[in-house]
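Q: Right, I'll just put the structure down here and ask away after.
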Amino acid sequence: MRFKTLQQLVDSCTQDGVTMGQLMLTEQAKETGISEEQTFQQMADYYSIMKEAVRRGIEEPVASRSGLTGGDAVRMQSYMKNHEPSSGKEASRALAYALSVSEVNATMGRIVATPTAGSCGIIPGVFVSSQERFHWDDDHLVMGLFSAGAIGYVIANNSFISGAEGGCQAEVGSAIGMAAGALTELRGGTPEQAIHAVGLALKNSLGLICDPVGGLVEIPCIVRNGFGAVTALAAADMALAGVRSVIPSDEVIGVMLEVGTAMPSKHRETAKGGLAQTPTGRRIMQDLYGPNGRGKKKGESPQT
Amino acid sequence: MRFKDVFSIIGPSMIGPSSSHTAGAARIGRAARKIYGEFPEQVEIIFYGSFAETYSGHGSDLAIVAGLLDYNTDDIRIRDSVSIAETMGMSLSFQTSKKPSAHPNTVMLKLKGKGRQEDSVIGASIGGGNIEISAINDFDVKFTMNYPTLLVFHNDRPGIVADITAILGSGGVNIGCMDVDRKGRNGDALTVIETDEAVPLALIERIRGLQDIHRICEADLTDNEVKG
Chain A
1 MRFKTLQQLV
11 DSCTQDGVTM
21 GQLMLTEQAK
31 ETGISEEQTF
41 QQMADYYSIM
51 KEAVRRGIEE
61 PVASRSGLTG
71 GDAVRMQSYM
81 KNHEPSSGKE
91 ASRALAYALS
101 VSEVNATMGR
111 IVATPTAGSC
121 GIIPGVFVSS
131 QERFHWDDDH
141 LVMGLFSAGA
151 IGYVIANNSF
161 ISGAEGGCQA
171 EVGSAIGMAA
181 GALTELRGGT
191 PEQAIHAVGL
201 ALKNSLGLIC
211 DPVGGLVEIP
221 CIVRNGFGAV
231 TALAAADMAL
241 AGVRSVIPSD
251 EVIGVMLEVG
261 TAMPSKHRET
271 AKGGLAQTPT
281 GRRIMQDLYG
291 PNGRGKKKGE
301 SPQT
Chain B
1 MRFKDVFSII
11 GPSMIGPSSS
21 HTAGAARIGR
31 AARKIYGEFP
41 EQVEIIFYGS
51 FAETYSGHGS
61 DLAIVAGLLD
71 YNTDDIRIRD
81 SVSIAETMGM
91 SLSFQTSKKP
101 SAHPNTVMLK
111 LKGKGRQEDS
121 VIGASIGGGN
131 IEISAINDFD
141 VKFTMNYPTL
151 LVFHNDRPGI
161 VADITAILGS
171 GGVNIGCMDV
181 DRKGRNGDAL
191 TVIETDEAVP
201 LALIERIRGL
211 QDIHRICEAD
221 LTDNEVKG
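Residue numbers (the working numbering), protein chains in the order written: chain A, 1 to 304; chain B, 1 to 228.
Right, here's the structure in full:
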């Protein structure tokens with residue numbers, strides 16, 4: 001790839017007069033030797049899976065494998081029908097769609113990791129709701145996924161994208177940054193504005209720990225995906241309005257690395273701290289695994 | 001670069017709930033199956049770090065076994081893999097270890113079968129479904145399974161690596177990355193070669209015909225999965 005930092009990404013785009021999405025597509029094809037058409041088609045297939053996951057979770061309540069969560073996307077949908085949401089219809093829709101995909105993930109349903117499964121709701125939530133709102137065709141959104149991928153590629157190689165390595169900031173935080181930057185570009189913003197959106201968004205999730213109750217990608221992961229979608233919309237709006245990240249986005253990514261490296265292991269996906277170790281979190285864990293640790297029968301089929 | 005392309009960020013398409021604990025786990029299992037080369041009758045699975053804490057909640061056990069059955073990350077049968085494997089005659093044991101590991105999401109798989117040597121594979125799931133294999137049969141190596149991967153077990157002797165790569169080069173196969181480890185001077189060695197495209201069978205046979213080659217495995221997860 002021609003870029004390792006967000007600044008290099010912007011510079012390459014400016015030099016070639018292309019969007020981040022176009023640059024990523026070209027670079028990907030060059031790197032893999034697979035044609036641009038085939039590469040584009042692969043991403044288009046992924047977008048179809050995302051739309052299907054959005055649809056599945058809002059049409060009918062889905063219960064997670066553990067039975068702990070599910071149905072929140074449907075609740076949001078019906079609330080939006082009957083009430084005026086405080087955050088507005090558009091943000092609420094992005095939120096509901098993000099919840100939906102994350103709930104489908106918790107049922108062991110099919111999703112696309114963006115960049116991870118724990119954060120798989122944010123990009124579909126932002127993309128699918130924006131597509132409906134602005135009447136974009138699928139191809140536009142597929143190019144947006146390449147933009148999001150370019151941003152994620154920089155974050156992943158300079159910091160991390162897994163909760164076990166860097167906490168929730170690395171998963172949900174990265175996804176928000178990717179969604180914010182991509183949406184900025186989809187709405188006509190320049191690559192420079194887009195990477196300001198990334199920095200603005202990332203700063204808002206620095207330090208976020210990964211503390212899943214019972215170690216499951218459910219509590220608090222699902223609602224954090226909902227919040228994440230709304231934050232991405234806000235960051236894109238700020239960037240399009242001309243708000244800049246005074247600390248350059250590449251430096252913010254460096255902070256994420258610093259903070260994640262210093263994060264104790266109990267706050268990195270081990271379920272040994274945070275919400276997982278609250279009295280209620282511990283009780284849930286005991287119900288799931290039994291008093292002596294893991295009481296669950298191996299190979300037990302999920303309840304779906 | 002730990003993450004090589006756009007599909008290691010957007011992707012894989014997968015069965016939830018966790019890209020590290022489910023998709024990555026499935027890919028480690030599948031890598032081990034490819035290295036072993038056939039259906040293993042008996043598999044010991046030892047989880048370390050964060051894997052050890054939360055594997056059953058994430059279905060990592062189901063995912064690893066799905067990989068051992070050669071399923072892809074988005075195969076809906078992942079949910080029932082353990083019962084499918086047991087019906088097919090795979091005997092499974094799951095253990096956890098408190099021993100510190102290099103990466104929080106690490107697992108060791110020991111694959112066994114009648115009349116053949118055991119293979120042990122250690123792999124880590126590094127995020128977003130991406131993996132790193134860090135050891136095979138006590139050889140310390142490092143590769144990602146993002147490319148077709150050739151594993152050549154051989155005697156450590158001068159020129160053998162050149163012999164192997166000359167054959168690949170003569171067939172127009174480009175090497176992206178390579179790792180060599182040996183147990184001692186003139187002892188057993190393992191060369192791991194990641195190639196840009198799958199290695200044609202004829203070239204593999206030519207390598208097999210070289211002196212001091214013990215065994216060759218071709219492990220390729222790119223056949224029905226997008227890179228990453």
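For glycine and all other residues, C-beta sits at the position ideal for the given N, C-alpha and C. As the structure is a computational prediction, the values presented were derived from the model and not from experiment.
1) What residues from chain B crowd round M20(A), counting only those whose CB sits closer than 8 Å?
2) Using a Cβ-Cβ cutoff of 9 Å, what residues of the segment 2–13 of chain A are near chain B? List them in chain order.
3) If we count the other Cβ atoms within 10 Å of its Cβ and call it buried at 16 or more, is P40(B) buried or exposed?
4) At a Cβ threshold of 9 Å, is V226(B) touching chain A?
5) Would you mind stating whether L6(A) and V243(A) have Cβ atoms separated by less than 9 Å?
6) Take A198(B) and list the residues in its own chain whose beta-carbon comes closer than 7 Å to its own, dropping the five residues that flank it on each side.
7) Assuming contact is defined by CB atoms lying nearer than 9 Å, are A31(B) and I133(B) in contact in what I supplied?
8) Is I123(A) close to chain B? Criterion is C-beta to C-beta, closer than 9 Å.
9) Is the segment 11–26 of chain B touching the segment 67–86 of chain B, taking contact as three or more C-beta pairs under 8 Å?
10) Check for me: the alpha helix (DSSP H) holding H103(B) runs from which residue to which?
11) Please report the residue range of the alpha helix (DSSP H) in which Q131(A) lies.
12) Using 10 angstroms around the beta-carbon of G17(A), count the other beta-carbons present and answer buried if the total reaches 16, otherwise exposed.
13) Exposed or buried, E185(A), counting other C-beta atoms within 10 Å across all chains shown (16 or more means buried)?
14) Taking DSSP as the reference, what is the three-state secondary structure of K112(B)?
15) Does any residue of chain A have a CB that is nearer than 9 Å to the CB of S13(B)?
16) By Cβ distance, which residues of its chain are closer than 6 Å to H196(A), with the 5 residues on each side in sequence left out?
17) Tell me which same chain residues have a C-beta within less than 7 Å of the C-beta of T69(A), skipping the five on either side of it?
18) Taking beta-carbon pairs under 9 Å, can you tell me which members of the segment 142–170 of chain A lie near chain E?
19) Look at the alpha carbon of V141(B) and the alpha carbon of C120(A), and state the distance between them as a whole number of angstroms.
20) For H154(B), which residues does DSSP report across the bridge?
21) Using the beta-carbon count (16 or more within 10 Å), is L201(B) buried or exposed?
22) What number of angstroms, rounded off, separates the C-alpha of T304(A) from the C-alpha of V152(B)?
23) Who are the near neighbours of G299(A) in its chain, counting only those whose CB is closer than 8 Å to its CB and skipping five residues on each side?
24) If you run the structure through DSSP and keep just helix, strand and coil, what is V226(B)?
25) At which residue ranges does the segment 13–76 of chain B contain complete alpha helix (DSSP H) runs of 4 or more residues, listed in the order of the chain?
26) For K34(B), which residues from the same chain have a beta carbon less than 6 Å from its beta carbon, with the 5 sequence-adjacent residues on both sides left out?
27) Check distances from the C-beta atoms of the segment 199–225 of chain A to those of chain B and list, in chain order, the residues that come in under 7 Å.
28) Going along chain B in order, which residues have a C-beta closer than 8 Å to the C-beta of V112(A)?
29) Taking Cβ positions only, does M1(B) come closer than 9 Å to chain A?
30) Assign T191(B) to one of two classes, buried (16 or more other C-beta atoms within 10 Å of its C-beta) or exposed (fewer than that).
31) Indicate whether at least one CB of chain B lies closer than 9 Å to the CB of L183(A).
32) Would you call the CB atoms of L141(A) and S130(A) closer than 9 Å?
33) P302(A) by DSSP, collapsed to three states: which one?
34) Quick one, are the C-beta atoms of I49(A) and I123(A) less than 9 Å apart?
35) Could you say which of G109(A), S35(A), K89(A) and P85(A) lies nearest to R56(A) if we only look at CA atoms?
36) So, are the CB atoms of A201(A) and I176(A) less than 9 Å apart?
A: This is what the structure gives:
1) Walking along the first sequence from the start, residue 20(A) turns up at place 20. Those within 8 Å of M20(A) in chain B number zero; the least Cβ separation is about 11 Å.
2) K4
3) As a first step, residue 40(B) must be located in the second sequence, where it is residue number 40. Flag for P40(B) reads buried.
4) As a first step, residue 226(B) is located in the second sequence; it is residue number 226 there, counting from the start. Only weak support exists for where V226(B) lies, its pLDDT of 41 falling under 50; the value from the coordinates is given anyway. With 9 Å as the cut-off, V226(B) counts as an interface residue toward chain A.
5) Numbered from its first residue, the first sequence carries residue 6(A) at position 6. Numbered from its first residue, the first sequence carries residue 243(A) at position 243. No. Outside cutoff.
6) Here the question's residue 198(B) lines up with position 198 in the second sequence. Taken in chain order, the residues that qualify are P148 and D220.
7) Working through the second sequence from its first residue, we reach residue 31(B) at position 31. Working through the second sequence from its first residue, we reach residue 133(B) at position 133. Their beta carbons are under 9 Å apart, which means A31(B) touches I133(B) by this criterion.
8) For the purposes of this step, residue 123(A) is taken as residue 123 along the first sequence, with counting starting at 1. By this cut-off, I123(A) is an interface position.
9) yes
10) By one-based count along the second sequence, residue 103(B) stands at place 103. Counted as a single uninterrupted DSSP element, the stretch harbouring H103(B) is not any alpha helix (DSSP H), since DSSP gives it neither H nor E.
11) Along the first sequence, one-based indexing puts residue 131(A) at 131. Taken as a continuous stretch (DSSP letters only), the alpha helix (DSSP H) holding Q131(A) covers I122 to F134.
12) Taking the first residue of the first sequence as 1, we reach residue 17(A) at position 17. Under this definition G17(A) is an exposed residue.
13) For the purposes of this step, residue 185(A) is identified with residue 185 of the first sequence, where counting begins at 1. Answer is buried; the Cβ neighbour count reaches 16.
14) By one-based count along the second sequence, residue 112(B) stands at place 112. Strand.
15) Residue mapping note: residue 13(B) aligns to position 13 of the second sequence, counting from 1. Output row for S13(B): interface = yes.
16) Position 196 of the first sequence, counted from the first residue, corresponds to residue 196(A). Correct list, in chain order: A239, R244 and S245.
17) By 1-based counting over the first sequence, the position of residue 69(A) is 69. Around T69(A): E103, A106, E218, I219 and I222.
18) In the displayed structure, chain E is absent; the protein chains listed are A and B.
19) Here the question's residue 141(B) lines up with position 141 in the second sequence. Here the question's residue 120(A) lines up with position 120 in the first sequence. Rounded to whole angstroms, V141(B) and C120(A) show a C-alpha spacing of 31 Å.
20) Counted from its first residue, the second sequence places residue 154(B) at position 154. A189(B) and I213(B).
21) Taking the second sequence and counting its residues from 1, one reaches residue 201(B) at position 201. It counts as exposed.
22) Your numbering for residue 304(A) matches position 304 in the first sequence. Your numbering for residue 152(B) matches position 152 in the second sequence. Note that T304(A) scores a pLDDT of 33, beneath 50, so its modelled location is shaky; the value from the coordinates is reported in the next line. When rounded, the distance between both Cα atoms is 43 Å.
23) The residue labelled residue 299(A) in the question sits at position 299 within the first sequence. The predicted model places G299(A) with a pLDDT of 39, which falls under 50 and marks its position as unreliable; any figure quoted below should be read in that light. Within the same chain, and ignoring the five residues on either side of G299(A) in sequence, no residue has its Cβ closer than 8 Å to its Cβ.
24) Taking the first residue of the second sequence as 1, we reach residue 226(B) at position 226. Note that V226(B) scores 41 on pLDDT, short of 50, meaning its location in the model is unreliable; the coordinates nonetheless yield the value given after this. Correct three-state label for V226(B): coil.
25) 24–36, 49–58 and 60–68
26) As a working mapping, residue 34(B) is identified with position 34 in the second sequence. Within the same chain, K34(B) has close Cβ partners A219.
27) G214, G215, L216 and V217
28) Position 112 of the first sequence, counting from 1, holds the residue named residue 112(A). Near V112(A) (Cβ distances below 8 Å), the residues of chain B are I10, G11, P12, S13 and M14.
29) Position 1 of the second sequence, counted from the start, is the residue given in the question as residue 1(B). Answer yes: the Cβ-Cβ gap between M1(B) and chain A drops below 9 Å somewhere.
30) Within the second sequence, residue 191(B) is the residue found at index 191, counting from 1. Its Cβ being crowded by 16 or more others within 10 Å, T191(B) is buried.
31) Locating residue 183(A) in the first sequence gives position 183, where the first residue counts as 1. So no, L183(A) is outside the interface.
32) Numbered from its first residue, the first sequence carries residue 141(A) at position 141. Numbered from its first residue, the first sequence carries residue 130(A) at position 130. Yes, these two residues count as a Cβ contact at 9 Å.
33) Within the first sequence, numbered from 1, the residue matching residue 302(A) stands at position 302. With a pLDDT of 39 at P302(A), under the threshold of 50, the modelled position of this residue cannot be trusted; read the value that follows with caution. Here P302(A) sits in coil by DSSP.
34) Looking up residue 49(A) in the first sequence gives position 49. Looking up residue 123(A) in the first sequence gives position 123. No.
35) Locating residue 56(A) in the first sequence gives position 56, where the first residue counts as 1. The residue with the shortest Cα to Cα distance from R56(A) is G109(A).
36) To locate residue 201(A), count along the first sequence from 1; it is residue 201. To locate residue 176(A), count along the first sequence from 1; it is residue 176. Their beta carbons are under 9 Å apart, which means A201(A) touches I176(A) by this criterion.
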